[in-house]
Structures are given as C-alpha cells and as structure tokens.
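Those letters in the sequence shown? Residues -48 to -1, 1 to 1108, per mature numbering (1 follows the signal peptide of the UniProt record, and there is no 0), in order. We put the beta carbon where it would ideally sit given N, CA and C, even for glycine. Remember, it's a predicted structure, so these values are computed and weren't measured experimentally. The next block holds one structure in the form of structure tokens; read it before the comments.
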Amino acid sequence: MQSGELNLLTQARFTSKAPAARLRSRSRMPSVCLLVILLLSLISLISGETEVKFTGQTEFVVNETTTTVIRLVIERIGDPVNVTAIVSIHGENTGDFFDTYAAAYISQAETNRTVFISVCDDDIPEADETFIFYLTLQKPLQGVKLGLPRAVTVTILSNDNAFGIISFDMPALITLTEPRGENESVPFALVREKGTYGSVTVFYEVQGGPNSPEEDLSPVKGNITFTPGTAVLIYNLFVLDDQVSENDELYIIYLRSVEGGAEINSSRNSVEIIIKANDSPVRFTQSIYMVHEEDDIIAITVVRGTDDSGNRIGPDENQVSICYSIVTGNSTLHAQLNLDFLDLQPNTTIVFPPLVHESYIKFKILDDAIPEIAETFHIMLLKDTLQGDAILKNPSIVQVTIKPNDKPYGVLSINSILFIQTVVINEDQMLRYEGITVVRNGGTHGNISVSWIITRNSTDTSPVTTDLTPDSGVLHFAQGQLLAPLHLNIIDDDVPEEAEPYLLQILDHTIQGGAEVSDPAELLFYIQDSDDVYGVIQFCPLENQQIESSPDGRFLSLSFARQRGTVGDVKLFYIIMYIPSGPVDPERAKEGVLNTSRRSILYFPQGKPNDTIKVPIRNDAFLQNGAHFLIQLEKVELLNIIPRIPSITPRLGEIKNISLRITPDIANGEIGFISNLPIIFHEPEDSLFAVSSIPLHRDGTDGQATVFWSLTPTGLNSKAVTVDDIWPFSGSVLFLSGQSDTAINITIQADDIPEMNETLTLSLDSVNVENQILKSGYTSRQLIIPENDDPGGVFEFASSSRGPYRIKEGESVELQIVRSRGALMEQFLLYTIEPRDSNEFYGNTGVLEFKPGEREIKITLLTRMDEIPELDEFYSVLLSSHGDVPSKLGNATRVNITILKNNDPHGIIQFVDNVMIVTINESKGEDFYAAVFKIIRNQGTFGSVSVSWATDSISTKDIFPDRGTIFFGNEEFSKDITIYSVPDEIPEEMEVFIISLLNTTGGASLGNITTATLQITKNDCPIYFADPVIQRVHEGGIAEFVVVRNDSGADVVSVLYATIDGNASAEDFMFREKNGMLLFDTGIKEQTITMFIHDDDIPESDEDFYIILFNSTGDTVVYKPRMATVIIEANDDPNGIFLLESIGKAVEEGKTNDFL
C-alpha cells in the first residue's frame, strides 16, 4: 500500500469517528492528534519514499512586461534526500520567456526551493496565451518520484496591440468631384496594424464645411467592423449630388473611438476631403426688362458662376452650355416673334467657354408705326438642356416688356425700378439726392416738361422744406432724352428726428409738349431717422466708473449716458465679470463675487439722458489684488416705438468694454507660496543637517498677519518619516505691517539609513486675521527627500558562491545572490550566462525578483547532458540591472564556471563495422589486390590522435604490411588501413588474418570494435598429372595421361604441355593434338593428353620420353606432378629371338628336364 493510500485510509478512519469524538471530553483531543502524527510519521518511515511537486499557486495570469517574474515553489516531502528538479515548458519555445527551463537543487537540509520564470517583453502582437510548465527530475534516486501537482499554467494577457491599431491607409488629403445625376461611392482604406485578433469596431464622424456634411456626404456618422484576422478594410462613403452651388468644401473624416480592445493611431486618424467647387449657377441677371420699341437691339445677360451678390461661386474651368426657348402668347398683351422682335442668335444654345462668366442673348425690337400698349414676351432657360458642371438658378425666366410705343412725344412715369425696393434717404450721410428719376417711354420727339410736387405723408404739418428742397418743380426732357432725375437737397440739421415719409407726385395736368403721364405717377419715399434720435448708449467718462468701499459694503459704481436723442424707451443689456489676476480673458471669469447675476439690464425711459447704478459686491467675496471687473455692453433695444422703416438707432457707442483693476487698497490680503511646484531636499552628505527656506508672499500688506503651517508625511512610506529625517512638523510665521515676503525654515537631518523617496506636504493652515486669506492654489507645497543610502540595496554574489567552479556535465552549481544595504523596494536583476549563444545550462538567462525585505535568492544552474563531445568549456554568470528602476551592483557580479571535457572529446577509435571481414584475391603479376579497413573516430574529433594496429600472424609472406600506426588530425574522423596480398605460386586454401587495434595516443580511446578479419581466397589452384604418371607402352600403342584442374571450375583456363626427349626420339611418338595446349572450359576439371607410339621394325630396348605442363592461365599454377613419363618397351627383338622346341616332351615328376 502506498503512503498516500495509507494517509487517506487513516484520515477516513478518523473522519468516520468524528461524530462520536465530538461527544467525548475535549481533554482527549491532544492524545488523538498525537496518535495521528505518530501514525503519519510511521507510514512515512515505512514507505521510504520521497515526493517532489509544485506547491502554492499553480495558475498564473500575468501581463507582458520586462519585470514580470513568476515564482514557482518546488516542494520535497518524505525522506530528506538531495533532489535536482527541472522545470521546462511544454511544446516549442515561442520566445515569450527569457528561458523556458529552470533548475532547482533541494538539499537534504531544505524542503523547498523557488525558481523564477521571467516573461520576455517583445514587440509581437499577441492575444491571450497560455503555457504549461512541467516538473521533471534528473537522475532521481530510487524512491524519489513526482507528486501532484506537477504542472503549472501561465497565461500572458494580450499585449503589443494584439487587437490592432486602426488608422487610415490612404493619402491624408483627397480631392473629389461631386457627381451629376446620381450619388457616387468613394472608397476609404483602413488598416489594422500590429495584431488582428478578435473583432473590433471603429466609429467615425465627418465634420467640416462651410455647408453641413450631410448635404454632401453620406453617412456622416457610423461604425466599421474588422473581423478576426482582417488587416485591411475598404469602406465606402457616398458623395451626394445636392444641386447646390458650392465653392471648394473641406470636410474631415475622423476616427473617433474604437471598441474591442484596439487603439486608434492618432497620427493617421483623419482624412481631409476636398469636394471641388461644383454646380456653377446659371441664371439671368434680372427677371424684367423694360424696353422701348425704338431701342433696336437689346442684350439679355446670362451669367454663370456668381451668386445673387455677384460673388464668385462654383467652378468655371470647363465649358457650360444651356438652351433657351422664347414663350409668347396670342393676345395683344404679348409681343410676337418675327413681328415685334427678332431672335438674332444662330441657334438657341448659350455657350460659356472656360473662365467666361457672361453671355448675351440679343434681340432686335422691330419699330413699327402702330400704336401699342405694353407687350411682353418671355425667355426661358431649359433645365434639361444644361450641359457641364452647373445648375439652373432663378431667375431662369426673363420677362421683356416693350413699353407702350408710337407715342411720338412719349409717355412719362416714375421709373419702375424705384418700386423694387423702398427709397430711403439718409440725412446724416448725403446732402444731395438724385436717385429718383422719371422715364419717358414711347417717342422722344420734341421738348416736353411736367411739374412735380413733394408733400409729407404724415400728420406732421411743418413745411417739407425744413427737411429737403425744393418741394416742387418742373422736369424738362429734351428731344431724345429718356430719363430725368429730381435734384433734391437734404437739409442736414442737428435735430434728432424719426424717419419721415414723403409723397412725390407727377402732375398730369402740367404736361407740356404733347406727351402724356402714365402710371406709376406717385412715389412714397422716406428720410431715415437722423442724428441718433433714439440715442447712443455708452459709458460716462471713465473716471466715473469705479470700485467703492464703505462701511456699508463694496460696490461697483457704473455710469451710463444716452447721448443725442432720447426719444422712446430703450433697454441696455450689459455683462459684469470678475476675472482673477492674470490675463483679462472672459474665459477666466469667476462667479460668486457679485450679489447679482453677471448679465443685467438697464432701462432708459424717454427723455432720460444718463443713469448711474451701484452693483453690490458680496460681503464674503475675496477681491484679489490685480484682478479686474470687466464690464461689457452687449446690445440696446427700442421698446415702445415701431419705426416705419428699420431704424439706425438706438446704438452702442464706440467704447463697449471697460475693465476696473482691483488695487491693493481695495483688495483683500492674500498669502501664499510663490510657487506650487514640488521642492526637492537632498539628504546632506558632508554635514549633519541642512536648513532650507521656503518663501511666502503676501498681496496686500496692511497690518500684521500670522500664518500657521504644518508638515505632513504622505505617500506609501509616510510612517517612516520622523524627526530624525526632517523637522519641525509645524509652526508659524509673522508678516509685519507693510511686509510682503517671509519664509518657512525646514531642517533636513543626515543619517546612514537606507530610505525610499520621502514625501511630505507643507500646508498653510490658517491666518490669524479675517481680512487676510490664503491664496488659492498656493497653500501647499510638496517636499521630496529623494531615496538615499541605497534603499533598493546593493547586489552581488555571496562570498560562498563566487567560484570558480569546475564541474562535470550533468552536475549543477548553486549560486546565492545577496542584497546588502537597503531592502525597501522591489528590485529586478538579470543573470546571463556568457557566451550567450551557448545551450549548456538549463536556464541560460533569467530575471530575479527581490521583493521588499528579501535579502537573498538562490539559483541552480544545471548543466545539460547533451551527449556532445566537448573540451573544457568556460562560462561566466553575470549579474546586471533589469527593469525601469536601476539596481545597484556590487563588485562580485561575475562567477566563472568550467564544464570539464566530456563525452570523449578526442574520440573513440574503432572499426566501422561490428563484423568486418574483407576478402581479397591473391595478387598476381601486375594485378595487385588490397583490403581496405575503415577506422572511424566516434564522439569528439578534437586534437591529433593515433592508433596502432597489427595482424595476428607472427611471420607471413602473404600480406603487406602486417602492422602500422594510423594518425588522425584535428577534426578528422575517418581513416583507412590498407593491406595488400603478396603474390606467390603456391596453391593455398583460404587464409584468414586478424587485424587488431592496439594502443591509442592523444587522449583517444578504443571502442568496442577493435578487430577485423582479412581473408585471402583460395589461390594458385594446381594443374597436374593424375596418377599414373608413368606409363609403359608397346610400340604402336597409345599412352593417355589425365591432367587435373583442382579448382571450382568456374573459369576457363588453359595449360601448355610439351615433350622432353629421353632415350626415345621424336620419331617414336606423336600427340593427337597438334597445338600443345589443354583448354579447360567452364566446369571441366580434367583433360587428356594422348600419345601415339610409332610401330617400326627396328629392334629397340626400353625407351623413354617425358611430357611437361607449363604456363597455365587464370588462378592456376602447374604443380606437382607436373611431368609424366612414357616408357616404350623394348621391341623388334633387340636381343634376338629365342624359340623352344616345337615338339612335345614328356617329363617325369621329380626329375630334371632339359629343354632345347
């Protein structure tokens, strides 16, 4: 049973008894707890196991910053053994952490160790990312295992604008042309830079003018949504055809806000849109023309590109054209084309070339002798025929009236133009008026005259001549004269008068010369109100405007005058503002000073020429020295009179604003600091204390005043500020009468105690007299004593961790970083291993977080077992400051670590193959055969090394060489041993030689494969005579010898043979074959040599001769027996013929018998 199971079982047992236990005496509880502890201890001892796991927080949600450090606590429970644990990230390294590995060494004396995982602050936009770090053990001892939890999760929140920065991706200024006849879309390109995570919505608005954006663009407000992953988006606005004449208009489309986590790029959040001038107006200059039949040619003016006031508007750089039509009627009131007038244009199209603004339609008025009343015809501009960037505006129709005609002496009437607008004469601006004219229509023959008279058109009985002269007269028209003005003299008096109406009449009965009088024969006109009849409202002399102070209070005394006329009741609107000391700007006005509202009204009844008012100032109002009261006259209105025509007065005078400065004798006393900026006091370095004076200033110096002040520590470490740092903490200063400046003295003490920034607020609390106040905004100052005596500490490696260290691969180094001096603030250190491109340690770099009060941190640098051959490697661990707040470093900031050479850096030498057998043939003639044995240098290839070798044969003539030494240079990893077979002609079976690697030099070692085998194949296969090799043959007989080939028969070989005479001669025998060669074909191992013995009659004794084999081919040699012997037995009775008797002879047994 595992220890965990025993723990659970024990817990379950005690839990099941819990209800009963509650009923027992509480005095028995200690013994129960003690029993549990003993049982748990016993279980742990019995189990003999050690468990390593994470403890504490295992889920982290952090921001991506340069100082985000995650502390992971690794705990060991169970037997106290040394444990080395590794924390590593799951999956690939994404670059989001300084290092994805960390090691922790927990000694027997410890139960836990903290490792630091540091977040890397990059510039890559990222959404929320979650990482998992796993805990593993390096070479754990038996009984040491991982517990739970063995994994932690780290979530880095979205960063670096993961949701994007929205901006326009187009020129900052675009120029558009208003479409004609339809609306036109305009694409706007938006870009989402940085990240494109999530869905974001940006809100836009169009502003500008001079016209409202709604008239030219649509929509002028809205939102645009970027879907996830979208970086570029095109949004269309519509340019509207509004049929309104416009000059260039400037609109700006702004990106106002965004939702979804994105931001707006403030440097590219707007695009200026210029809509070029458009819809140039085309119209007639006037709608009515009155012409005489005798005028002959008349020109009707048509204009484009001007408004009613004659100002240029709309485009004129392109051609515009429009057609017109002539409209007439059938009655006698209508003029008839080609009868009463002629159209002189070749066609009915009016063309405006570029930059031309006027064109004319010309007509010829036909002068006949027929008396006619006024006749009219109309000219109409046709909207549907308009071509170019223009619109048709009113007047688009002109009425041409041919006046009554064929009156030879004419018809007189008042000029009809005068009825378009009321005739008003300004007495104060003109002394002579000639704007009233009488026209002569019809004929202009002869000299004519008519009388006229001007009368008042009101109840006023005074003579007209008091206002203008003459009041009557005679107008004379010479022959051919069409127009005659009235010459009126305007009487300029100084009497304020209201507007007066007058009636001009042409007297029909006074006509002379045969002419007639026709309507209009009367004209009503006015002389404008004059001499400021309703008054000019202004300030009285400035010296009458003042600030008064009395026991009853303070007042603003303001005097106003109504100069010139005082007819009617008028109402004056004015504003009084109190502006504190500084620029006299209405925007700075302050409320709550007057007992009335700032905007007031003053009534002037008829006949009252002036008025003085007193505006009360509140008793509790503080009047600042150098402040101003600003009085502005807004407007004036006439109350009880409605003039017949718009009046000029009442009006405001030239001076509409005055300001009254508050002088020290009026102002209240005001005490304050001369500045409200913070004051920095440095702790003295060379003295025990330093005194600083903080100046005070008083505006208004009448009388004595005592100011009470206090010094209050503020900030996070306010409790740490004592009289040992600064004093006093309260006091008072005295202003004598007439004194405007004094100071508060503060003493700063020196010490050797590390301290953070100490912040205090020096406040002016009160003044001992009521007429003195504290100056708003200048009643406090912040005092700062900057951090001193190294409050964040001095960091270096502990004396026990300064090395140097020499370790083997797979071992670890534990380094302790200590903080001396202060430990009042959070500090960050960066440790790095140099060279930085190495990967020999778990955790090459990392950020250490020293929390306030934390004095030391231990880190474990565990070398990786990488199985890579390496020489001694030299590394340094360096400490450096990290984060926004610099960390002060001591002297011991470098530790040197040497990882000893490992994994056979000079190599392991061996044969390349585990079973290396090389088989070669024996060399022959010029064909040499060699065996090549490849030797490899595994693992490292550092330096020059050698290895010696030898064969197992003590002495052999079959191979060369049979021993030697192989040298490997630096970085060489492969060499060959080459052994040649030595040629001979000795038939041999397969020979086997063992090559052994013997001794190495240069630090290399021998591997497992130190032997190889050389085989020389069976060679020099013999060709020889088979037994019998000696044959006795009778003369005339045949001798046959078998020649044997003793090999596999795989090749075609041959051998030569020949005879050697013995005591037999060549005439005694001959071969069957004549070429003297035996050919062994594939698979043939025997051949026969056949000899024929000649039969002659020559008696001969035994004779012999020999057959020899020589010059065999292939891997063969002629070997023993290589010679055969042929003996020709004696023949032809070389010793004669001996015969026995041919008769029979009887013999007896046991007796001697003789034969002849």
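Item	Value
Shortest alpha-carbon distance to isoleucine 700 belongs to which of Gln691, Ser689, Thr674?	Thr674
Out of curiosity, what's the CA-to-CA distance linking asparagine 697 and isoleucine 528?	43 Å
Identify which residue in Leu87, Ser410, Ile809, Asp481 has its Cα closest to the Cα of residue 1112.	Only positions -48 to 1108 of the chain appear in the structure, and residue 1112 is not among them; the question remains open.
Considering Cα atoms alone, identify which of Thr713, Gly394, Ser828, Asp75 is closest to threonine 18.	Asp75
Three or more C-beta pairs closer than 8 Å, one from the region 874 to 882 and one from the region 932 to 951: is that the case here?	yes
Take the Cβ of leucine 800 as the centre, count every other Cβ of all protein chains shown within 10 Å, and call the residue buried at 16 or more, exposed below.	buried
Leaving out the 5 sequence neighbours to the left and right, which residues in its chain are closer than 6 Å to glutamate 136 when beta-carbon positions are compared?	Val191
Rounded to a whole number of angstroms, what is the C-alpha to C-alpha distance between glycine 774 and serine 59?	29 Å
Can you tell me which of Pro538, Ile1079, Leu1031, Arg754 puts its alpha carbon nearest to the alpha carbon of valine 995?	Leu1031
For a quick check, are the C-beta atoms of arginine 506 and isoleucine 569 less than 8 Å apart?	yes
Return yes when the Cβ of alanine 451 is within less than 8 Å of the Cβ of aspartate 481, no when it is not.	yes
Helix, strand or coil: how does DSSP classify lysine 1073 here?	The sequence as given places proline at residue 1073; lysine does not occur at that position. Coil.
Secondary structure at alanine 342, three-state DSSP: helix, strand or coil?	strand
How would you write the range of the beta strand (DSSP E) that serine 137 sits in, first residue to last?	136 to 145
Could you check which residue in Arg889, Pro838, Val944, Gly1066 has the C-alpha nearest to that of cysteine 973?	Gly1066
Could you check what DSSP says for isoleucine -3 in three-state terms: helix, strand or coil?	The predicted model places isoleucine -3 with a pLDDT of 42, which falls under 50 and marks its position as unreliable, so this point remains unresolved.
For aspartate 1106 and isoleucine 1089, what's the separation of their Cα atoms in angstroms?	19 Å
So, for isoleucine 216: in the same chain, excluding its five sequence neighbours on each side, which residues have a beta-carbon less than 6 Å away from its beta-carbon?	Ile118, Leu207, Val210
Flag this pair as touching only if the region 950 to 969 and the region 1044 to 1054 have three or more C-beta atom pairs under 8 Å; answer yes or no.	no
At the level of alpha carbons, what is the spacing between phenylalanine 491 and lysine 608?	8 Å
Look at isoleucine 1045 and glycine 1096 and say whether their C-beta atoms are less than 8 Å apart.	no
Note down, one range per segment and in chain order, each beta strand (DSSP E) of at least 3 residues found wholly within the region 573 to 603.	580 to 590
So, for glutamate 145: in the same chain, excluding its five sequence neighbours on each side, which residues have a beta-carbon less than 6 Å away from its beta-carbon?	Ile117
Starting from leucine 192 and walking both ways along the beta strand (DSSP E), at which residues does that stretch end?	First-last for leucine 192: undefined, no H or E at that position.
Using three-state DSSP, classify lysine 840 as helix, strand or coil.	strand
Rounded to whole angstroms, what is the Cα-Cα separation between aspartate 292 and aspartate 336?	28 Å
Does DSSP put threonine 1104 in a helix, in a strand, or in coil?	coil
Please report the Cβ distance between valine 272 and glycine 340, rounded to the nearest whole angstrom; I am assuming they are in contact, meaning their Cβ atoms lie under 8 Å.	4 Å
When DSSP builds the beta bridges, which residues end up paired with isoleucine 205?	Val158, Val223
Whole angstroms are fine: how far does the CA of alanine 978 sit from the CA of glycine 1102?	50 Å
Relative to the C-alpha of isoleucine 499, which residue among Gly895, Ala579, Asn441 is closest?	Ala579
Less than 8 Å between the CB atoms is what I'm expecting for serine 511 and threonine 548, so what's the real figure, rounded?	Between threonine 548 and serine 511 the Cβ distance is about 17 Å, and since that is not below 8 Å, they are no contact.
Count the other C-beta atoms from every protein chain shown that fall within 10 angstroms of the C-beta of lysine 566, then say buried if there are 16 or more, exposed otherwise.	exposed
Which whole-angstrom value is the C-beta distance of valine 14 and isoleucine 26, which I expect to be below 8 Å?	Wrong, their Cβ atoms sit about 19 Å apart, outside the cutoff.
For threonine 711 versus serine 732, is the C-beta spacing smaller than 8 Å?	no
Measuring alpha carbon to alpha carbon, tell me which of Ala672, Val519, Leu966, His834 ends up nearest glutamate 739.	Ala672
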